[in-house]
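Residue numbers (the numbering used here), protein chains in the order written: chain C, 1 to 325; chain L, 1 to 386; chain W, 1 to 293. Note that CB positions come from ideal geometry on N, CA and C, so glycine has one too. Since we're looking at a predicted model, the values are computed, not measured. Shown next, in structure tokens, is the structure this report addresses.
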Amino acid sequence: MDQWLNPYYLQIVMFMLINAMLGISIYFTLATGQLSLGNAGFMSVGAYTSALLSLKAGLPLYLSIPAGGVAACVLAAVIGIPATRLQGIYLAIATLGFGEVVRVIILNMKVTNGALGLSGIPALSVQIGKQLNSLGLGSGLGGITVQQLSNLSVIGLLALVVIFLVFFALRLRHSRLGRAFAAIKDDEHAAEVTGVDTVRYKLLAFFMSAFVAGIAGALAAHITFYIGPKDFSYHRAVEILLFAVLGGGNVIWGPLLGAGILTLLPELLRTVADYREMIYGGILVIMMIFRPQGLISEETLRLWRSKLFPAAKTEQEAVARRSAG
Amino acid sequence: MISMRKSMKKFGAAALAMLFTVTAAGCGGGSTSTQGGTAAGGTAKIGVVSYLSGGGAAYGEAIRQGLELARDEINAKGKVKIELVIEDSKGEKNEAINATNKLIHKDNVVAIVGPTLSGEMFAVGPIASQAGVSIMGTSTTAEGITDIGNTVFRNSLPESLAIPPAVKKAKEKFGLKKVAIMYSNNNDFAVSGFKTFEKAIKENGMEIVTTETFADKDTDFSAQLTKIASLQPDAIMVAGLYQEAALILKKAREIGLNVPVVGNNGFNSPQLIKAAGSAAEGAIVASPWYPGKDDATVKNFIAAYKAKYNKEPDQFAAQAYDALYIIADALEKAGTTSDVKKVRDSLAAVKDFHGVTGNFAFDANRNPAMDVTVLIVKDGKFTELK
Amino acid sequence: MLLQQVVNGLTLGSTYAIIALGYTLIFGVLNIVNMAHGEIFMIGAFVGLMLVTKLQTGIFTALAGAMLTGAVLGYLLERIALRPLRRREVSHLAPLISTIGVSIFLESLALKIFGPQAQSFPPVFSGQLFELGTLKISIIQIVILAVSFGLMIALRFWLAKTKMGKSIRATAENLETAGLLGVNTSQVIIVTVMLASGLGSVAGVLVGLAFNAVEPTMGITMGFKGLAVLILGGLGNITGAMVGGLLLGIAEVFSVAYGESSYREAVAFGLIIILLFIRPQGLFGSGSAQGGR
Chain C
1 MDQWLNPYYL
11 QIVMFMLINA
21 MLGISIYFTL
31 ATGQLSLGNA
41 GFMSVGAYTS
51 ALLSLKAGLP
61 LYLSIPAGGV
71 AACVLAAVIG
81 IPATRLQGIY
91 LAIATLGFGE
101 VVRVIILNMK
111 VTNGALGLSG
121 IPALSVQIGK
131 QLNSLGLGSG
141 LGGITVQQLS
151 NLSVIGLLAL
161 VVIFLVFFAL
171 RLRHSRLGRA
181 FAAIKDDEHA
191 AEVTGVDTVR
201 YKLLAFFMSA
211 FVAGIAGALA
221 AHITFYIGPK
231 DFSYHRAVEI
241 LLFAVLGGGN
251 VIWGPLLGAG
261 ILTLLPELLR
271 TVADYREMIY
281 GGILVIMMIF
291 RPQGLISEET
301 LRLWRSKLFP
311 AAKTEQEAVA
321 RRSAG
Chain L
1 MISMRKSMKK
11 FGAAALAMLF
21 TVTAAGCGGG
31 STSTQGGTAA
41 GGTAKIGVVS
51 YLSGGGAAYG
61 EAIRQGLELA
71 RDEINAKGKV
81 KIELVIEDSK
91 GEKNEAINAT
101 NKLIHKDNVV
111 AIVGPTLSGE
121 MFAVGPIASQ
131 AGVSIMGTST
141 TAEGITDIGN
151 TVFRNSLPES
161 LAIPPAVKKA
171 KEKFGLKKVA
181 IMYSNNNDFA
191 VSGFKTFEKA
201 IKENGMEIVT
211 TETFADKDTD
221 FSAQLTKIAS
231 LQPDAIMVAG
241 LYQEAALILK
251 KAREIGLNVP
261 VVGNNGFNSP
271 QLIKAAGSAA
281 EGAIVASPWY
291 PGKDDATVKN
301 FIAAYKAKYN
311 KEPDQFAAQA
321 YDALYIIADA
331 LEKAGTTSDV
341 KKVRDSLAAV
351 KDFHGVTGNF
361 AFDANRNPAM
371 DVTVLIVKDG
381 KFTELK
Chain W
1 MLLQQVVNGL
11 TLGSTYAIIA
21 LGYTLIFGVL
31 NIVNMAHGEI
41 FMIGAFVGLM
51 LVTKLQTGIF
61 TALAGAMLTG
71 AVLGYLLERI
81 ALRPLRRREV
91 SHLAPLISTI
101 GVSIFLESLA
111 LKIFGPQAQS
121 FPPVFSGQLF
131 ELGTLKISII
141 QIVILAVSFG
151 LMIALRFWLA
161 KTKMGKSIRA
171 TAENLETAGL
181 LGVNTSQVII
191 VTVMLASGLG
201 SVAGVLVGLA
211 FNAVEPTMGI
221 TMGFKGLAVL
231 ILGGLGNITG
241 AMVGGLLLGI
251 AEVFSVAYGE
261 SSYREAVAFG
271 LIIILLFIRP
281 QGLFGSGSAQ
291 GGR
């Protein structure tokens, strides 16, 4: 038991959950067929906003973290309206460029402390630890120290956010909005002709994506004590894309799995430290050869569903028929 | 049949890809980290977090080499036995956090050397502090590093001690009146160096004609230097690392800008002279590390380093080398290889230590107290500027 | 100073252009962005450097050696990372990811073999300066400018007039139709990727000569700029890559000369964002903005 509560493992779980959120954020834009690589940029806006609000203005974390999400959303409004006119690789590079521009602006601003970054950011675990102490759990609970307890609480909190997002995404899929997204992804022109307001829906997906990335960034800032412009470079943008592509961008479970694997993989490869990157690169290539659609696709889900719940199959089909008709 | 042939082809391509990964991994040469001998008896496990792959790998590699040389020497002497557990941080915050957590909580190291960047230290310092494990930066020069917690140490000289003497000496020597500043604005170390430069220049009553920035890994400096040349400063002050500094020196001399160039810590490397050649003449830097020093410790270190790695050590290697000796010293005095608290207290009490970077002691804030020498490149060598 | 800065801008721009040409060629035919191009460029620079410093060959042998290595790498790239993905129903993201994989692989391979240290060519090859009054131009800068213009013209001619060029254009237009019309499309693709990679490697040597620094991460820095130029000039457009590269070089230099050097890094993508909002198909692109779909 104690071995599994090792702060090293707990920290990796935290990174995994943050990355899962980032994977979900890119899933929202992919659901409308837009490849947006601006998530690292939105993440940085969320992180800096929340860190500065809590550090300089003394705002409590439960207010500053949502504020980070809102700030990312505001910025998404500024660039989203022209950006949704772009498609395919143009959108990808324009949003990637947006992330770079944000990074350079952060480098040049006084309040963000340039390349030196912000240190001493109030940590979520410490805050929770204080709360636990005031609840009289200062000596821990059932053999678990207060530090482990607060780390576990942070994980619980992050997991709640991820579960909520997954639930939201699943509900979305079967809603009017989700069907509009799917129609746009399938064929934008056809969707437009049949009366779907494509610009509005694409913009909405863009906002949702930015908001989630902003929240993830804000949470990340408060579990790592320090943020600097370097954390949100081109590499981060590509990493987030990889979550979705490796796991599978068509279903919500894909980015989750991708985030899990890609967070864990570098740690597992630590034993072969010198060749870590090479193996990582090789795996990406091999992966694309065998499963370019990602590890999980709709077929995978259907297959597993029919294997696990053979009885539910007919019901599923009935639902499918109804929604088709 | 067709699908089978297709999958065969797929397989072939994948096999090729796999083969490449494996062969490439194989031909790298045997530089494995020391994994042998689990903390048996008197062996102290020291963790290392270093920037070993990615843009700053040149610096992380020098640090690792300095440490490994020191480890071999210390183990050969036999007073304390040290085992290094080396982790790569790739210069990324999250990687550094994971590496530090692993070292503290999985490998149970008694102290940590590193990480390479100040930004990484801001992220991992609190973790080490919370666990009570001493962590010592050998290249983290930014302001406020040791305020993170009382187990955070450094033996790298803060900019505030190195830059002002260099600026002052250069002014006295060359009668500088107006200067231009250049710094790398995406490097925390250089930005903090720039701030110190700015202050020191003002204190010495000189005028700043322009401040230009560049970025790490830039190779083209013609635009900035052309602009600077047109303003005719008496000297250029540069805060950056030696790779960029060498290119700046070369370009400056190429366009006829033959004024003295004062650098920060990043200039202090034989690589600067090697890369810039004759263009390095007149580069000035203040540093505790001076390879030409008439000192047996320094001479032995340089000879041993050259014998082992076939190149000249730089400041990064020298400071890392000293760092491990300081830790060994503390371990010996503490008389333990596992009690992190005793090691910390013993480390904080280190004084009168004589290393390759001179006489050394920690001050009350666990910052180094040491003497600096102002150096100038003359005839292809760092010599003391008198 | 203005004139000198224009020269600086043009030389910087010509290096961007020469990299962008490789991206453009592959995009034009395969409709994919080859994220490994920057790393092939870097390997080329290292091969050239090794030939000159370790084997003491002349610069032309080094260029040829680099070109050959680049072509071989291009062949492997096509066989391993691109061809297996050229099937129906594969997301257009797949080649993007697999080439990112190759780029990560090559970068760490170079780090392992050549070490992280930036290395430079002996001064014999890059030292000479050309003085025109107050203007200073190094010989190598002129060579780069000439080579990139020469390549642009040669490529345009080759694509327009020769049989192979016509096959490439037919393949670029529509892969299946070209195949039906008897064009050996896999051969065309192989030739294109090899050519682009060979050119990329030569560019690596030239840029290494011009800026005196060859190191494993140079591929990312320069590749990024090449990518920006690709979009700026219009995807798959050779003239666009050339003009876009020069434009970006001048814009960056002028941002330093008459603006704030600290915003230089943002110039490339700032330009792109502005341009895309005004003219989504790029400077020279034609038709719709349906790039990469």
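Closer than 7 Å by C-beta to A142 of chain L: which residues in its own chain qualify, once you throw out the five before and the five after it? Chain order, please. S118, D188, F189, S192
Quick check on N108 of chain C - is its C-beta less than 9 Å from some C-beta in chain B? Although the question refers to chain B, the structure presented lacks it and instead comprises the protein chains C, L and W.
Answer yes or no: does any C-beta atom of chain W fall closer than 9 Å to that of S33 of chain L? Summary for S33 of chain L: the model assigns pLDDT 39, below 50, so the residue's position carries little reliability; its value from the coordinates is reported in the next sentence. Not an interface residue.
Taking 9 Å as the cut-off, decide whether the C-beta atoms of L68 of chain W and L106 of chain W are in contact. no
Per DSSP, the bridge partner or partners of M136 of chain L: L:V113, L:F153
Does the distance from the C-beta atom of V262 of chain L to that of P233 of chain L stay below 9 Å? no
So G119 of chain L contacts chain C; which residues on that side make the cut at Cβ distance below 7 Å? G117, Y226, G228, K230
Residues within the stretch 250-277 of chain L neighbouring chain W, beta-carbon criterion of under 8 Å: K250, E254, I255, G256, Q271, A275, G277
Please determine if the stretch 4-22 of chain W and the stretch 141-157 of chain W are in contact, where contact requires at least 3 C-beta pairs separated by less than 8 Å. yes
Any idea what DSSP makes of A40 of chain L, helix, strand or coil? Residue placement at A40 of chain L cannot be trusted, given a pLDDT of 42 that sits under 50; the coordinates are not used to answer.
Would N185 of chain L pass as an interface residue toward chain W - the criterion being a Cβ-Cβ separation below 9 Å? yes
9 Å Cβ cutoff, I248 of chain L in contact with chain W: no
Please return the same chain residues whose Cβ sits closer than 6 Å to the Cβ of S25 of chain C, not counting the five positions on each side in sequence. N39, S209, V212, A213
Looking only at DSSP bridge pairs, what is Q224 of chain L linked to? Paired residue(s): none; Q224 of chain L is not in a bridge.
Chain C contact residues for V33 of chain W, given Cβ-Cβ distances below 7 Å: I89
Residue range of the alpha helix (DSSP H) that includes N237 of chain W: It is not in any alpha helix (DSSP H) - N237 of chain W carries neither H nor E in the DSSP assignment.
Here's the rule: buried if 16 or more other CB atoms are within 10 angstroms of the residue's CB, otherwise exposed. What is L248 of chain W? buried
Sort W:I43, W:L3, W:G236 by Cα distance to I137 of chain W and report the nearest one. W:L3
Can you find at least 3 beta carbon pairs, one from the stretch 307-327 of chain L and one from the stretch 29-38 of chain W, that sit closer than 8 Å? no
Close beta carbons around F164 of chain C, own chain, < 6 Å, minus the five adjacent residues each side: none
Please specify which runs of the alpha helix (DSSP H), each continuous and at least 4 residues long, are wholly inside the stretch 48-115 of chain C, giving them in chain order. 61-83, 88-108
With respect to the alpha helix (DSSP H) encompassing N75 of chain L, which residues constitute its N-terminal and C-terminal limits? 57-77
N300 of chain L in three-state terms, based on DSSP: helix
Could you check whether V102 of chain W and A196 of chain W sit closer than 9 Å to each other, using their CB atoms as the reference points? no
With a threshold of 6 Å on Cβ separation, who are the neighbours of A118 of chain W within its own chain once the five nearest residues in sequence on each side are excluded? A213, E215
Are the Cβ atoms of M136 of chain L and L347 of chain L separated by less than 9 Å? yes
Are G240 of chain W and G282 of chain W close, meaning C-beta to C-beta below 9 Å? yes
Tell me which same chain residues have a C-beta within less than 8 Å of the C-beta of G294 of chain C, skipping the five on either side of it? A244, V245, L246, G247, G248, G249, N250, G254, G258
With DSSP as the reference, identify every bridge partner of D88 of chain L, one or two as the case may be. L:S50
Given a threshold of 16 other Cβ atoms within 10 Å of its Cβ, counted over all protein chains shown, does L303 of chain C qualify as buried or as exposed? exposed
Below 8 Å, is the gap between the Cβ of K342 of chain L and the nearest heavy atom of the ligand COA? Of the ligands one can find in the structure shown there are none, so the ligand COA has no counterpart to examine.
Quick one: residues in its chain with C-beta nearer than 8 Å to the C-beta of F130 of chain W, no 5 flanking neighbours on either side, listed in chain order? K136, I137, S138, I139, I142
Cβ of N365 of chain L less than 9 Å from any chain C Cβ? no
Taking C-beta to C-beta, are E87 of chain L and A76 of chain L nearer than 9 Å? no
Output the residue ranges of the alpha helix (DSSP H) runs that lie fully inside the stretch 304-370 of chain L and measure 4 residues or longer, sorted by chain position. 315-334, 340-348
Is DSSP giving K386 of chain L helix, strand or coil here? coil
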